[in-house]
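All residue numbers for the sequence shown refer to our numbering, where the first residue is 22 and numbers rise by one.
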Amino acid sequence: MTIESLPDFTKPARQRWASIPAAIRERLLSNVWCGKCRHAVTITNFSGTIRGGNLLLLGECAECHGTVARVIEHS
Ligand SMILES: [Zn+2]
């Protein structure tokens with residue numbers, strides 16, 4: 022996945038996301054807790070915004086298609 026293929030990211034969120042190494046980004050996307058599945062899942066169709074100084078990814082669980090979110094704290 023390339024940075025350019027993220028149309029639903031705000032500009033600051035895109036810049037924050039781009040600053041994370043690709044290998045870590047992949048790990049973050051494939052390790053999102055789903056409250057319905059009760060285990061870590063892959064997030065799909067996600068958007069990105071900055072909330073409270075952290076990057077918030079909001080998307081769908083790859084397995085049950087429920088809403089899942091991941092906050093990536095600013096290091
Ligand atoms: Zn799920």
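Glycine included, C-beta positions come from ideal geometry on N, C-alpha and C.
Query - Reduced DSSP category for L27 - H, G, I as helix; E, B as strand; rest coil - result: In this structure, L27 counts as coil in the three-state DSSP scheme.
**Report entry** Cut-off 6 Å between Cβ atoms - residues of its own chain near I85, not counting five sequence neighbours on either side
**Finding:** Going by the sequence as given, residue 85 is Cys instead of Ile. Hits under 6 Å: K57 and C58.
Requested in this report: Kindly provide the chain-ordered list of residues whose Cβ lies closer than 6 Å to any non-hydrogen atom of ligand 1.
Outcome: C55, K57, C58, V62, C82, E84, C85 and G87
Report task. Provide the residue span of the alpha helix (DSSP H) that contains E84, from first to last. Result -> Looking at the DSSP string, E84 is not in any alpha helix (DSSP H), and its letter there is neither H nor E.
**Report entry** I45 in three-state terms, based on DSSP
**Finding:** helix
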